[in-house]
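The structure under discussion appears below in the form of structure tokens.
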């Protein structure tokens, strides 16, 4: 099976390619990237005026299976991913059961092998049942092929547990992903603490609940010399702390979600529960700091924190509604609209944030278009405008923060492992 | 005369323009006289059905809405879900749609969650009047406070009004702040710091923790009920200490303007936020507030019902 992608504007940060090239795919690998490849192929894609970039590596996704197949399954989640240009996913372990032992990794792998439509990598829990009481067996989990550990959704509150977790992760060279939240400081909050929580009469989530925990985890990571990744950074102080830590040589990386860099707390006015997520949308200064962090490299990656919830869990009173929004199908377009079209990032930067950097952080061989690499490739129509419609989501859940929003940039083809896995019906 | 009212719902005062506020007040003024007639009834809402859907215990607001609706000749049904159908599993939206299926025209909703009325209004074609949602808004209470003040002092613009008490958890405070500031009053909020919500000065008010300062130039003081019964977070100072530091007493009022208007949304905690001699004294307009509540709620019911007749409904989803 051969696919030839002709005349696309190819973006590959590893090989510093930013120009018009052809790409030849043979079976599941990229065999050649060059000007004017002339060969026969089973499928020739005319990519003139299109961006051709690596498939997105989304390192923060809740696929919900096993346990909450009413919200999402590995099939629907990976199909949604392909629509959004995501070819590799890191699946978070807060499933039912939690991915906290070899047997549960086995279970998850068997579902992935049978039903996944894109590449799914596994993040296991730091503590058993994610309860923050007892560490999981990192060595055994690593032997099962997991690439990171996290209690995402919760933070490990006990320093005397988090430090050994980081030390063991260091021994096994496993990445620790930290959801930074001190629940004593955020307790009961539904939105950012400030003028908006005051106006709406909602309990607020103090920014300290995030950055004080970032500060602690950085200290512990330094002590353990471990690799730490800060999930869904939402506030200015966190960015500043990460910047200082990087300067100091602490092995820390960080991600931001498209909703956190594109929406501020005012989006919650009107009590739209699709604007309720954890961490909450913050203020305009925070948005500026997050964008600046992306530009200057303090924030390494963009990840969706795709968090599907049913309508029953969202269409209720604001404070009772679940936290979280879906993001796989909009993250590329939101990033193009908010970061590339505004001139903040160029396409090479964007490919680093969405593809290469997350792959490198996870230590997986993805995120680039070099010859010999896995053929995970996107053909993107960079100027295509579209409106986010509930009915068009492939994800089982529809809880998007971008419903009704006009975005620029759409995936035309997603090639995953050498196969045309998605073709946009409105394009091409 | 201000322009026409076009909103299907009355959910809060934050969204209203000065003109809309003035229109409700003017409408209330014309309805006030109805309650003084021998036959206290006009046919304005004859054939309309009003449901009072109360998820929180309330007597005065519920009764006030009921009387207001009846004086407009509407049929009134009271649903008290104090045991909460939430616990029985029915969502607020489902409850709202079921009520609407009974061909109800106006749902008056009181709910313990902020934003509940807003959410309900999005999902039903019936008019929704917010009778208090969580800590968010209680628009008709603020309107009756403003109405009473205007009746007493002839104007709102330029008045100094202080709101004293648990500002953080008070929907009455929030609605009063929006209503008063939009109409040109200078508003000060006064409470122990732990009961002042963050960034509230961005709502256009002054903040003080000193009761004497709050009273000094005030034309009116609105004394909020201290809800010690809801003290989940253990944030309240001891009741007596509160009275000592923030209670409205004769001694404190002697230092204030002689004709200062004293308001309270009720029910009173005598000896906690206000002394009996002030509550019952010459400066108090507390019972007039209750009377005016009927006129204001008649106006609200009338305006939303009228506006909803003129709206062409598409799917509410």
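Residue numbers (the numbering used here), protein chains in the order written: chain S, 4 to 431; chain V, 79 to 395.
For each residue, glycine too, the CB sits at the ideal point set by N, CA and C.
Checklist entry - Name the chain S residues that come within less than 7 angstroms of residue 277 of chain V, Cβ to Cβ? => result Taking the first residue of the second chain as 1, we reach residue 277 of chain V at position 199. Neighbours of residue 277 of chain V on chain S, chain order: 197, 198, 201.
Item to check | Contact set between the stretch 182-206 of chain V and chain S, restricted to residues whose Cβ is under 7 angstroms from the partner | outcome: Result list: 191, 192, 193, 194, 196, 197.
Next on the checklist: Please give me, in chain order, every unbroken run of the beta strand (DSSP E) with length at least 3 that falls completely inside the stretch 183-242 of chain S.
Outcome noted: 231-233
Next on the checklist: Tell me the rounded alpha-carbon separation between residue 151 of chain V and residue 240 of chain S.
Outcome noted: Locating residue 151 of chain V in the second chain gives position 73, where the first residue counts as 1. Locating residue 240 of chain S in the first chain gives position 237, where the first residue counts as 1. Cα-Cα distance, rounded: 59 angstroms.
Checklist entry - Which first and last residues belong to the beta strand (DSSP E) in which residue 291 of chain V is found? => result As a first step, residue 291 of chain V must be located in the second chain, where it is residue number 213. No beta strand (DSSP E) contains residue 291 of chain V, which is instead part of the alpha helix (DSSP H) from 289-294.
Next on the checklist: Can you find the residues in the same chain that come closer than 7 angstroms, C-beta to C-beta, to residue 330 of chain V, ignoring five residues on each side of it along the sequence?
Outcome noted: On the second chain, residue 330 of chain V is found 252 positions in, with the first residue counted as 1. Cβ contact annotation for residue 330 of chain V (same chain, cutoff 7 angstroms, sequence separation greater than five): 289, 290, 293, in chain order.
Checklist entry - Mind listing which residues of the stretch 11-33 of chain S have their C-beta closer than 9 angstroms to chain V's C-betas, in chain order? => result none
Checklist entry - How big is the Cα-Cα spacing for residue 372 of chain S and residue 5 of chain S? => result In the first chain, counting from the first residue as 1, residue 372 of chain S sits at position 369. In the first chain, counting from the first residue as 1, residue 5 of chain S sits at position 2. So the two alpha carbons sit approximately 16 angstroms from each other.
Next on the checklist: Quick check: the Cα distance between residue 36 of chain S and residue 25 of chain S, rounded to an integer number of angstroms?
Outcome noted: Looking up residue 36 of chain S in the first chain gives position 33. Looking up residue 25 of chain S in the first chain gives position 22. Answer to the nearest angstrom: the Cα atoms are 6 angstroms apart.
Item to check | Contacts around residue 157 of chain S, its chain only, beta-carbon distance under 7 angstroms, and the 5 residues preceding and following it disregarded | outcome: Taking the first chain and counting its residues from 1, one reaches residue 157 of chain S at position 154. Same-chain partners within the cutoff: 133, 135, 182.
Checklist entry - Are the C-beta atoms of residue 171 of chain V and some chain S residue less than 8 angstroms apart? => result Stepping through the second chain from its first residue, residue 171 of chain V is reached at position 93. Yes, residue 171 of chain V counts as interfacial toward chain S.
Item to check | CB contact below 8 angstroms: residue 304 of chain V versus chain S | outcome: Here residue 304 of chain V is taken as the residue at index 226 of the second chain, counted from 1. Not one chain S Cβ lies under 8 angstroms of residue 304 of chain V.
Next on the checklist: Please identify the residue among S:415, S:407, S:374, S:385 whose C-alpha is closest to the C-alpha of residue 32 of chain S.
Outcome noted: Position 29 of the first chain, counting from 1, holds the residue named residue 32 of chain S. Of the listed residues, the one whose Cα sits closest to residue 32 of chain S is S:374.
Checklist entry - Between the C-alpha atoms of residue 75 of chain S and residue 327 of chain S, what's the straight-line distance to the nearest angstrom? => result Indexing the first chain from 1 puts residue 75 of chain S at position 72. Indexing the first chain from 1 puts residue 327 of chain S at position 324. Approximately 13 angstroms, taken between the alpha carbons.
Checklist entry - Touching or not, the stretch 181-189 of chain V and the stretch 225-239 of chain V, by the rule of three or more beta carbon pairs under 8 angstroms? => result With fewer than three CB-CB distances shorter than 8 angstroms, the stretch 181-189 of chain V does not count as touching the stretch 225-239 of chain V.
Next on the checklist: In the DSSP assignment, the alpha helix (DSSP H) including residue 167 of chain S goes from what residue to what residue?
Outcome noted: The sequence position of residue 167 of chain S within the first chain is 164, counting from 1. Residues 162-174.
Item to check | Beta carbon proximity, residue 243 of chain V to chain S, threshold 8 angstroms | outcome: Counting from 1 along the second chain, the entry for residue 243 of chain V is found at position 165. By this cut-off, residue 243 of chain V is not an interface position.
Checklist entry - In chain S, what lies closer than 7 angstroms to residue 272 of chain V by C-beta? => result Along the second chain, one-based indexing puts residue 272 of chain V at 194. The premise fails here: residue 272 of chain V is roughly 14 angstroms from chain S at the closest Cβ pair, so nothing lies under 7 angstroms.
Checklist entry - Who are the Cβ neighbours of residue 420 of chain S in its own chain at under 6 angstroms, not counting the five residues just before and after it? => result Numbered from 1 along the first chain, position 417 holds the residue referred to as residue 420 of chain S. Hits under 6 angstroms: 31.
Checklist entry - Ends of the beta strand (DSSP E) at residue 63 of chain S? => result Here the question's residue 63 of chain S lines up with position 60 in the first chain. The continuous beta strand (DSSP E) containing residue 63 of chain S extends over residues 59-64.
Next on the checklist: Let me see if you follow: with CB-CB separation under 8 angstroms, is residue 342 of chain V close to chain S or not?
Outcome noted: Reading the second chain from its first residue, position 264 is the one you call residue 342 of chain V. So, not an interface residue.
Next on the checklist: Within 8 angstroms of any Cβ in chain S, is that where the Cβ of residue 65 of chain V sits?
Outcome noted: One cannot answer for residue 65 of chain V here, as it falls past the ends of chain V, which runs 79 to 395.
Next on the checklist: Does chain V have any CB closer than 8 angstroms to the CB of residue 187 of chain S?
Outcome noted: On the first chain, position 184 is the one that residue 187 of chain S refers to. No, because no Cβ of chain V sits closer than 8 angstroms to the Cβ of residue 187 of chain S.
Item to check | When S:312, S:233, S:61, S:197 are compared against residue 403 of chain S, the one with the closest alpha-carbon | outcome: Looking up residue 403 of chain S in the first chain gives position 400. Closest option to residue 403 of chain S, Cα to Cα, is S:312.
Checklist entry - Name the chain S residues that come within less than 9 angstroms of residue 219 of chain V, Cβ to Cβ? => result The residue labelled residue 219 of chain V in the question sits at position 141 within the second chain. The contacting residues do not exist; residue 219 of chain V stays about 14 angstroms from chain S at best.
Next on the checklist: When you compare the CB of residue 83 of chain V with every CB in chain S, is at least one pair closer than 8 angstroms?
Outcome noted: Translated into the one-based positions of the second chain, residue 83 of chain V becomes position 5. For residue 83 of chain V, no CB of chain S lies under 8 angstroms from its own CB, so it is not counted at the interface with that chain.
Next on the checklist: Against chain S, with Cβ distances strictly below 8 angstroms, would residue 252 of chain V count as a contact?
Outcome noted: The count along the second chain starts at 1 and reaches residue 252 of chain V at position 174. At least one C-beta of chain S is nearer than 8 angstroms to the C-beta of residue 252 of chain V.
Item to check | Neighbour flag for residue 317 of chain V against chain S, beta carbons, 8 angstroms | outcome: Along the second chain, read from residue 1 onward, the residue named residue 317 of chain V stands at position 239. So, not an interface residue.
Item to check | Option in S:423, S:397, S:279 with minimal Cα separation from residue 81 of chain S | outcome: Working through the first chain from its first residue, we reach residue 81 of chain S at position 78. When only C-alpha atoms are compared, the closest one is S:397.
Item to check | For residue 238 of chain V, the three-state DSSP class (helix, strand or coil) | outcome: Numbered from its first residue, the second chain carries residue 238 of chain V at position 160. Residue 238 of chain V falls in the strand class under three-state DSSP.
Item to check | The beta strand (DSSP E) enclosing residue 350 of chain S, as first and last residue numbers | outcome: Here residue 350 of chain S refers to the residue found at position 347 when the first chain is read from its first residue. For residue 350 of chain S, no beta strand (DSSP E) encloses it; the enclosing alpha helix (DSSP H) starts and ends at 350-354.
Item to check | Coarse secondary structure for residue 375 of chain S, derived from DSSP in three states | outcome: In the first chain, residue 375 of chain S corresponds to position 372, counting from 1. It is coil, neither helix nor strand.
Next on the checklist: For a quick check, are the C-beta atoms of residue 220 of chain V and residue 379 of chain V less than 8 angstroms apart?
Outcome noted: Position 142 of the second chain, counting from 1, holds the residue named residue 220 of chain V. Position 301 of the second chain, counting from 1, holds the residue named residue 379 of chain V. No, Cβ-Cβ distance for residue 220 of chain V and residue 379 of chain V is not below 8 angstroms.
Next on the checklist: I'd like to know whether the C-beta of residue 142 of chain S is nearer than 8 angstroms to at least one C-beta of chain V.
Outcome noted: Numbered from its first residue, the first chain carries residue 142 of chain S at position 139. Under the Cβ distance rule, residue 142 of chain S does not count among the residues neighbouring chain V, no pair being separated by less than 8 angstroms.
Checklist entry - Could one say the Cβ of residue 92 of chain V lies closer than 8 angstroms to chain S's Cβ atoms, at least one of them? => result One-based indexing of the second chain puts residue 92 of chain V at position 14. True, the Cβ-Cβ gap to chain S drops below 8 angstroms.
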